Amino acid sequence: SMTAEDRQGRVGYAESLGELAARTAVLAGRLLLENGGETSRTEDTMRRICQAAGARVTDSYATPGMLMVSFTWEGQMIHNMKRTTPGGTDLEKIQAVNGLSRQICQGSITLQEGYRRLQRIAASAGVPPARTMIGSGLAGCGFGLVFCQNLPEALAAGVLALAASGAVSCLSRFSESFRVFAVSGLITLAASLCLPSGLRPAPVILSAQMILVPGMMFTTALRDFAAGDTLSGLSRLACALLTAVVTALGNIAALSLTGGIG
68 SMTAEDRQGR VGYAESLGEL AARTAVLAGR LLLENGGETS RTEDTMRRIC QAAGARVTDS
128 YATPGMLMVS FTWEGQMIHN MKRTTPGGTD LEKIQAVNGL SRQICQGSIT LQEGYRRLQR
188 IAASAGVPPA RTMIGSGLAG CGFGLVFCQN LPEALAAGVL ALAASGAVSC LSRFSESFRV
248 FAVSGLITLA ASLCLPSGLR PAPVILSAQM ILVPGMMFTT ALRDFAAGDT LSGLSRLACA
308 LLTAVVTALG NIAALSLTGG IG
């Protein structure tokens, strides 16, 4: 028969593995949520990781501000809750977490190795600022071709978008709302005061500021609504609308200094 010491050791072993499964699931969910993943994908990933590790009666819950997982492990109830701070969009991290969760569910890597890899993903710097700036410049130029419909203004929009992306990186210590407000104002000031004669400031400003539009967040909010995650959808939609309002306020502030667009 099993002694009391053996039973205590078995319970401690189960708790340690169960806690590791909970930490792994919550870390994976945090990486998805903070980098633009939708709520249903986050909850499904957390649940699958716990079940692959041997958990029973698994419940996972995610909102843009909080993650929670609860399950039964070897007769023990395991809970883990984590506050999150949604950031920008990093599809590379989302892809890395999705691939890693599949490996854990297929049993090709251990839970311990999966947790270590997730920690490395969380510590990685993400997309290099230089690549982000180049992508922003190309996006601004592309939108310029749509809104401006001539190459010189499109190129001007691309240059402004590239510079704006660099300014966003330089202001990373400040809040998201302040960064959007400041960069929106800087784009408007630069286009109003520094464009060569013959180029129209209004379409150039519109094209360059498209990089500030929270399109991914708005799309994810609609997907959350469609999946029935009303609370998450409302939260993301409110953040997207706030970003749009702050962008407009940055424009208004800059235009009030320059006396409007000539």
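Numbering-wise (our numbering), the sequence shown opens with residue 68 and increments by one.
Don't be surprised by glycine CBs; every beta carbon is placed ideally from N, CA and C.
This structure is a prediction, so every number in the text was calculated from the model and none was measured.
Neighbour-count burial assignment, residue i, 16 or more Cβ in a 10 Å radius
i: Met284; result: buried
i: Val313; result: buried
i: Gly326; result: exposed
Euclidean distance between Cα positions of residue i and residue j
i: Ala275; j: Gly225; result: 7 angstroms
i: Thr70; j: Glu86; result: Because Thr70 sits at a pLDDT of 45, beneath the cut-off of 50, its placement in the model cannot be relied upon, and the following sentence gives the value as read from the coordinates. Going by the C-alpha atoms only, they are around 24 angstroms apart.
i: Ser168; j: Ala315; result: 40 angstroms
i: Gly209; j: Pro263; result: 20 angstroms
i: Leu238; j: Gly132; result: 23 angstroms
i: Ser107; j: Gly265; result: 50 angstroms
i: Leu324; j: Thr112; result: 49 angstroms
i: Gln216; j: Gly202; result: 20 angstroms
i: Gly252; j: Gln118; result: 49 angstroms
i: Ile319; j: Leu289; result: 29 angstroms
i: Ser242; j: Phe248; result: 10 angstroms
i: Ala95; j: Ala190; result: 13 angstroms
Three-state secondary structure (DSSP) of residue i
i: Asp291; result: helix
i: Ala129; result: strand
i: Arg303; result: helix
i: Arg240; result: coil
i: Thr286; result: helix
Residues that DSSP places opposite residue i in a beta bridge
i: Phe138; result: Ile145
i: Arg114; result: DSSP output for Arg114 lists no bridge partner at all.
i: Arg123; result: Thr139
i: Arg97; result: DSSP, once it has assigned bridges, lists no residue as partnering Arg97.
i: Arg150; result: Met133
Contact set for residue i: own chain, Cβ-Cβ below 7 angstroms, skip 5 residues either direction
i: Leu178; result: Leu87, Ala88, Thr91, Ala120, Ile171
6 angstroms CB neighbourhood of residue i in its chain, flanking five on each side removed
i: Thr287; result: Glu105, Arg303
i: Thr199; result: Ser232
i: Ile176; result: Gln170
i: Gly204; result: Gly225, Ala228, Leu229
i: Gly103; result: Thr156, Met283
Beta-carbon proximity list for residue i, same chain, < 8 angstroms, skipping 5 on both sides
i: Leu100; result: Thr106, Thr109, Ala129, Pro131, Leu134, Thr151, Pro153
i: Val335; result: Look at the range of the chain in this structure, 68 to 329, and you will see that residue 335 is not part of it.
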